[in-house]
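Student:
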Amino acid sequence: MKYYTVIKDHLIVFLICLVSLSTIVGWLLLASFVRHELIALETSARQANTDLEKQLSGSMEVLRNLNLDKAELRQRREVPLYFVRCTNCQRLKQVRERDSYSPGSDNGPEPPTSYSVLPPEYPVPVDEDESVAECKCSLTSSCPAGPAGSIGLPGVPGEGGEPGFPGADGKRLCKCFCAPYDMQHLRKWCRQQLVLSLHKDLKIEIMCNKSMP
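Take the sequence shown: its letters are residues 1 to 213, numbered as in full-length UniProt numbering.
#1: Does the beta carbon of L11 sit closer than 9 Å to a beta carbon anywhere in chain D?
#2: Between F14 and the rest of its own chain, which residues show a CB-CB distance below 8 Å, the 5 nearest in sequence each way excluded?
#3: Which of the three DSSP states, helix, strand or coil, is assigned to H10?
#4: Is the CB-CB distance between L194 and L153 below 9 Å?
#5: Is DSSP giving G152 helix, strand or coil here?
#6: Can you have a look at P103 and say buried or exposed, based on whether 16 or more other CB atoms are within 10 angstroms of its CB?
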């Protein structure tokens, strides 16, 4: 009876202590659960960040291998351009002071140092017996005329017994082109070569027709 009376008199105090203890335990459990979830979330974020860095490093490596602006690929693109320009100069027999490099000049272009130009595999055929006038082309100087060409082909006999027209004497194009008339001389020379080839083909065709019974 004594204990029961004490408990009955202090029941409210016991209830308050029990509720407080339950609240504290509940908060501790909730804090532990939240801490566990935060640790799991942080681990997942770190793993995702690691995977992303690996993917980015792999992508950057692929882009570096396929990058068209690398120094080596730029040199490889510049070599054919420089080679074509040198081949054209050799073919047209041009000697331009602005393209020539001299070690003592400051205004001239610098020679390529990171790559070397190999000689052409198929060199431009140049007749040894043919004399070519040397000249230096510029915007103010004029080129000397080349040697006379070969005599033109005879005319083709016309149809119905009409005599053909005699062929014109051949003309040789000057080996040196001067700006700004390079393209005009080149077009004229191409037209002359086309006309000569057409005359040759027509003559061969007529001779074949005459030889047939």
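Each residue gets a CB set at the ideal place from its N, CA and C atoms; glycine is no exception. Since this is a predicted model, take the numbers as computed values, not measurements.
Tutor: Looking at the atomic coordinates:
#1: Here there is only one protein chain, and chain D is not present.
#2: Taking the first residue of the sequence shown as 1, we reach residue 14 at position 14. Excluding five sequence positions before and after F14, the CB atoms of its chain that fall closer than 8 Å to its own CB belong to I7, given in chain order.
#3: As a working note, residue 10 is residue 10 in the sequence shown. Looking at H10 - three-state DSSP - the assignment turns out to be coil, as it is neither helix nor strand.
#4: The count along the sequence shown starts at 1 and reaches residue 194 at position 194. The count along the sequence shown starts at 1 and reaches residue 153 at position 153. Annotated as distal: L194 and L153, with beta-carbon spacing of 9 Å or more.
#5: Counting from 1 along the sequence shown, the entry for residue 152 is found at position 152. DSSP, reduced to helix, strand and coil, places G152 outside both helices and strands of the structure shown, so it counts as coil.
#6: Position 103 of the sequence shown, counted from the start, is the residue given in the question as residue 103. Bear in mind that a pLDDT of 47 at P103, under 50, signals an unreliable position, so the number given afterwards is only what the model happens to contain. When all chains shown are included, P103 counts as exposed.
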